[in-house]
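**Q** Numbering (the UniProt record's numbering), first residue to last: 1 to 227.
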Amino acid sequence: MRKPCCDKEGTNKGAWSKQEDQKLIDYIRTHGEGCWRSLPKAAGLDRCGKSCRLRWINYLRPDIKRGNFGQDEEDLIIKLHALLGNRWSLIAGRLPGRTDNEVKNYWNSHIRRKLISMGIDPKNHRLNQIPLRPQPKSVSEAATSSSESMNHESKPLISLGNTDRVSDAASSLEDEMCGSLDLNLDLTIAFPSPPVALVEEKRQSSKTSTRAEQMESDQPVPTLFLF
DNA sequence: AACCGTGTCAACCGCGGCACC
DNA sequence: GGGTGCCGCGGTTGACACGGT
């Protein structure tokens with residue numbers, strides 16, 4: 001029997017106050033991330049470690065990019081979702097400054113609806129009915145239709161079956177890569193907006209590194225990688 | 001102005017994976 | 001090899017905002 005992640009009694013829940021945010025920020029600035037379980041006590045917060053981690057990652061981290069998603073970001077999400085399924089953390093890893101939660105929310109509230117209205121099944125990116133608007137005009141619509149065209153005929157880009165499980169997506173991805181799909185997609189996790197010093201350090205070392213490593217470190221915009 | 005339906009998004013919950021002993 | 005603890009992920013919930021009637 002798994003123990004609950006924290007003592008549910010005596011821990012705050014719900015929205016974070018400014019004071020709580022400040023405590024968390026101060027603590028992480030001083031001690032760095034990690035040890036989430038012991039962090040709340042050390043930082044003087046009546047929260048469980050998970051809650052602290054989530055708050056930091058999704059909201060307080062200094063490199064978070066807030067605000068609306070750009071068209072290029074939306075296109076990228078659609079393409080990555082077609083390849084990876086609901087692996088939001090991997091998708092978010094390709095969108096600097098975006099969190100998995102934000103990507104997931106944006107997908108569920110905007111993109112999913114959009115695809116459905118176009119007659120596209122958001123689970124497998126397959127055209128499952130006559131689109132309401134016959135001639136797509138926006139970039140994302142074009143992106144989606146290009147996914148279709150990349151995919152020869154109307155075969156789903158990823159065959160997710162009934163469950164939309166990620167392992168299926170991953171194996172299908174492998175199949176696709178072995179097949180004729182010519183996408184140069186590196187799926188290793190990229191840290192969103194690493195500290196400048198780190199980037200510089202990596203740049204220096206990349207002079208002697210392999211081409212793959214160079215590509216990994218020199219990717220300012222994910223779309224460069226994809227397309 | 002009040003009510004209701006819908007959309008959005010921050011936060012929670014439970015589970016799986018991994019590391020350590 | 002099995003048990004335990006922690007972290008991270010994805011699904012879900014619930015509060016709030018907003019627009020329509």
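Glycine included, every Cβ here is placed at the ideal spot set by N, Cα and C. Predicted model, so just to flag it, every value in this text is computed and none were measured.
(1) When burial is assigned at 16 or more other CB atoms within 10 Å of the CB, is Asn-124 buried or exposed?
(2) Output needed for Arg-112: all residues of its chain with C-beta closer than 7 Å, excluding positions within five of it in sequence on either side, in chain order.
(3) Pick from Leu-39, Lys-104, Arg-61 and Met-118: whose alpha carbon is nearest that of Ile-77?
(4) Out of Gly-85, Lys-23, Arg-37 and Ile-120, state which residue places its alpha-carbon closest to the alpha-carbon of Ser-43.
(5) Rounded to a whole number of angstroms, what is the C-alpha to C-alpha distance between Gln-19 and Arg-126?
(6) Count the other C-beta atoms from every protein chain shown that fall within 10 angstroms of the C-beta of Arg-94, then say buried if there are 16 or more, exposed otherwise.
(7) Considering Pro-40, what are the terminal residues of the alpha helix (DSSP H) in which it resides?
(8) Could you tell me which residues DSSP puts in a beta bridge with Asp-121?
(9) Give the C-beta separation of Asn-12 and Arg-61 to the nearest angstrom, bearing in mind that I take them to be a contact with Cβ-Cβ under 8 Å.
(10) DSSP on Glu-33, reduced to helix/strand/coil?
**A** To lay it out plainly:
(1) Buried, since its Cβ has 16 or more Cβ neighbours within 10 Å.
(2) Around Arg-112, the same chain offers Pro-122 as residues with beta carbons nearer than 7 Å, after the five sequence neighbours per side are excluded.
(3) Relative to the Cα of Ile-77, the nearest Cα in the group Leu-39, Lys-104, Arg-61 and Met-118 belongs to Lys-104.
(4) In the sequence as displayed, the identity of residue 43 is Ala instead of Ser. Closest option to Ala-43, Cα to Cα, is Lys-23.
(5) Their backbone Cα atoms lie some 47 Å apart in a straight line.
(6) Counting every other CB atom within 10 Å of its CB across the protein chains shown gives Arg-94 a total of 16 or more, marking it as buried.
(7) That run of the alpha helix (DSSP H) goes 39-43.
(8) In the DSSP output, where bridge partners are listed per residue, Asp-121 has Arg-126.
(9) Incorrect: roughly 20 Å between the Cβ atoms, too far for contact.
(10) DSSP places Glu-33 in coil when its eight states are reduced to three.
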